């Protein structure tokens, strides 16, 4: 299928997505917040990057795009990598005015979020990544750089990790 038409947000409790991180979270900012639209995820103050967030989906998925909001309060993640089947399929560095990053298969333009006016960093998945993105039941987000702090932040929009239903 060349043009995906049935996008589904799989990062939510109702889709039976499992989420985990080996790092310890800060009180009130646990990893499961990313499945329930609350607070976001922050690691404890003594944890330094890299931080890993793992998603296990109920079945194999065709990944069309990934959208992350990287800010929680004053904390911001600036360097993020996406791994599928233990292979890096995308890597992005955000500028100071970009809180949201969007990985896509074939577009490298910067856009603004119409609701907030925020700049969105748009990055392409790496060439050859399609072999991993066409069918996976596991994805890992690796935060390797933060802004003004060692804290890692993943905002509410991480729940907007988008994949195709079929």
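In UniProt numbering, the protein residues as written are 1 to 166. Just so it is clear, CB atoms sit at the ideal spot from N, CA and C, and this is done for glycine as well. All figures in this text were calculated on a predicted structure; none of them were measured in a lab.
Whole angstroms is fine: what's the gap from residue 139's alpha carbon to residue 56's? 7 Å
Endpoints, the alpha helix (DSSP H) within which residue 133 is located: 130–133
Reference residue 66, options 73, 80, 60, closest by Cα: 80
Residue 20, enclosing beta strand (DSSP E) - first and last residue: 18–20 is the span of the beta strand (DSSP E), which, as asked, contains residue 20.
Looking only at its chain, what residues have a beta carbon closer than 7 Å to the beta carbon of residue 24, apart from the 5 residues adjacent to it on each side? Excluding residues within five positions, the ones whose Cβ falls inside 7 Å are 43, 44, 47.
Cβ-Cβ separation, residue 58 to residue 16 (assumed contact under 8 Å), whole Å: 5 Å
For residue 101 versus residue 70, is the C-beta distance shorter than 8 Å? yes
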